[in-house]
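Residue numbers (full-length UniProt numbering): 1 to 323. These notes concern the structure reproduced below.
Okay, here's the thing in structure tokens:
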């Protein structure tokens with residue numbers, strides 16, 4: 001039995017039914033000529049969502065991505081250092097002393113998975129620093145993802161690959177030059193490393209790395225041009241946080257701050273979140289709240305799946321891919 005057939009047979013009610021509805025809505029949106037922006041919060045790359053996300057990109061089911069700096073870099077960490085990762089299935093039982101022991105071995109824990117500092121972070125730093133310094137000396141400036149695209153397409157990291165490269169969503173995105181928005185990149189391992197190299201003087205101009213404001217300007221241009229092509233743009237949000245909060249605001253910005261007319265609202269919205277609706281919890285806010293902010297309309301198809309994204313997202317994508 002195919003994954004889709006199984007899901008449609010057994011997923012009939014509650015969050016299970018919402019999963020089916022969101023996936024079918026995603027397919028309908030694409031079949032009607034729409035485009036889709038997907039947002040990645042949390043540690044989806046370390047959760048190896050890239051296995052199916054890369055296939056979604058290959059099959060043109062995703063047309064832009066907004067993600068945290070962590071998701072941007074951790075897909076590449078996984079690409080070049082997968083064999084050195086350590087899984088800690090009993091992570092709930094770890095004591096403070098156990099955590100210090102992991103630190104002493106240079107293993108940085110993300111829930112049940114430890115990222116090896118030397119093989120992942122330092123290995124990538126040695127390569128990326130060269131690209132940063134070359135751009136700095138040439139008076140050039142690029143976005144964080146553009147530096148990664150340059151590195152991945154150069155083939156310089158191929159000698160370190162430890163997974164099948166078709167399972168790296170960043171590599172697949174680089175091949176297609178997929179639009180990526182990475183708000184708050186400074187809040188990432190390489191963001192910290194970049195700041196350190198600016199402080200130490202290795203990089204002279206802090207603006208060699210383009211900023212979040214420039215990312216919003218880039219997104220505004222992409223949204224406007226894509227909408228001009230008579231394509232409605234959907235918004236599939238995995239988790240909450242800045243990866244989702246930042247890009248969804250481009251529509252009210254175009255309307256309210258730039259006073260542009262004829263710019264469509266988001267044409268589809270779905271969110272996977274385990275954050276409960278509470279006082280001021282944006283990540284747990286129901287989709288209708290976004291109507292009041294000029295992001296969605298009352299007719300916009302809206303879906304909320306209150307569950308674990310590492311479980312739900314691959315299942316939604318499997319339906320979209322007709323698996």
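Where a beta carbon is used, it is the ideal one built from N, C-alpha and C, also for glycine.
{"Item": "Identify every run of the alpha helix (DSSP H) within the region 9-38, keeping only runs that are complete inside it and at least 4 residues long; order them along the chain.", "Value": "14-31"}
{"Item": "Counting beta carbon pairs with one atom in the region 102-113 and one in the region 171-180, are three or more of them shorter than 8 Å?", "Value": "no"}
{"Item": "What span of residues does the alpha helix (DSSP H) with residue 196 cover, start to end?", "Value": "189-200"}
{"Item": "In the DSSP output, what is residue 77 paired with across the bridge?", "Value": "According to DSSP, which records beta bridges pairwise, residue 77 is partnered with nothing at all."}
{"Item": "To which residues of the same chain is residue 271 closer than 6 Å at the C-beta, ignoring the five residues directly before and after it?", "Value": "237 and 304"}
{"Item": "Let me know if residue 295 comes out buried or exposed under the rule of 16 or more other beta-carbons within 10 Å of its beta-carbon.", "Value": "buried"}
{"Item": "Take residue 324 as the anchor and find which of 212, 76, 169 and 130 has the nearest alpha-carbon.", "Value": "This structure cannot settle anything about residue 324, because the visible part of the chain is limited to 1 through 323."}
{"Item": "If you reduce the DSSP assignment to three classes, tell me which class residue 304 lands in.", "Value": "strand"}
{"Item": "Have a look at the DSSP bridge pairing and note the partners of residue 114.", "Value": "86 and 109"}
{"Item": "In the DSSP assignment, the alpha helix (DSSP H) including residue 147 goes from what residue to what residue?", "Value": "144-154"}
{"Item": "Could you work out which residue in 286, 260 and 231 is closest to residue 266 when comparing CA atoms only?", "Value": "231"}
{"Item": "Taking residue 223 as the reference, which of 187, 245, 263 and 240 has the closest Cα?", "Value": "263"}
{"Item": "Could you give the uninterrupted runs of the alpha helix (DSSP H) lying entirely in the region 233-313, keeping only those of 4 residues or more?", "Value": "241-248"}
{"Item": "Assuming residue 220 is part of the beta strand (DSSP E), what are its boundary residues?", "Value": "Not the beta strand (DSSP E): residue 220 falls in the alpha helix (DSSP H), residues 212-228."}
{"Item": "When the distance is taken between beta carbons, is residue 37 closer than 8 Å to residue 64?", "Value": "yes"}
{"Item": "Going along the chain, which residues of its own chain have a beta-carbon closer than 8 Å to the beta-carbon of residue 163, five neighbours each way excluded?", "Value": "78, 79 and 82"}
{"Item": "Can you tell me the Cα-Cα spacing of residue 54 and residue 150, whole angstroms?", "Value": "18 Å"}
{"Item": "Can you confirm whether the region 134-150 touches the region 203-210 when touching is taken to mean that 3 or more C-beta pairs between the two stretches lie within less than 8 Å?", "Value": "yes"}
{"Item": "On the criterion of 16 or more Cβ atoms from any shown chain inside 10 Å, does residue 145 qualify as buried, or is it exposed?", "Value": "buried"}
{"Item": "Alpha carbon to alpha carbon, what distance is there between residue 180 and residue 119?", "Value": "26 Å"}
{"Item": "Between residue 15 and residue 274, what straight-line distance do the alpha-carbon atoms span, to the nearest angstrom?", "Value": "11 Å"}
{"Item": "In terms of residue numbering, what span does the beta strand (DSSP E) encompassing residue 64 cover?", "Value": "64-67"}
{"Item": "Determine, using beta-carbon pairs with one atom in the region 40-47 and one in the region 306-318, whether at least three such pairs fall under 8 Å.", "Value": "yes"}
{"Item": "I'd like to check one pair, residue 148 with residue 49: are the Cβ atoms closer than 8 Å?", "Value": "no"}
{"Item": "Is it right to say residue 288 is buried, meaning 16 or more other beta carbons lie within 10 angstroms of its own, or is it exposed?", "Value": "exposed"}
{"Item": "Using a threshold of 8 Å, state whether the C-beta atoms of residue 60 and residue 170 are closer than that.", "Value": "no"}
{"Item": "Have a look at 183, 269, 218 and 308 and flag the residue whose alpha-carbon is nearest the alpha-carbon of residue 70.", "Value": "183"}
{"Item": "Please state whether DSSP places residue 52 in a helix, a strand or coil.", "Value": "helix"}
{"Item": "Could you tell me if residue 23 is buried or exposed, where buried requires 16 or more neighbouring beta carbons within 10 angstroms of its beta carbon?", "Value": "buried"}
{"Item": "Ignore the nearest five residues each way along the sequence and tell me which others in residue 197's own chain have a CB closer than 6 Å to its CB.", "Value": "203"}
{"Item": "Looking at residue 178 and residue 57, is the spacing between their C-beta atoms short of 8 Å?", "Value": "yes"}
{"Item": "Assuming contact is defined by CB atoms lying nearer than 8 Å, are residue 319 and residue 7 in contact in what I supplied?", "Value": "yes"}
{"Item": "Cutting at 7 Å between CB atoms, please list the residues of its own chain near residue 21, excluding the five before and the five after it.", "Value": "303"}
{"Item": "DSSP three-state label for residue 40, please.", "Value": "strand"}
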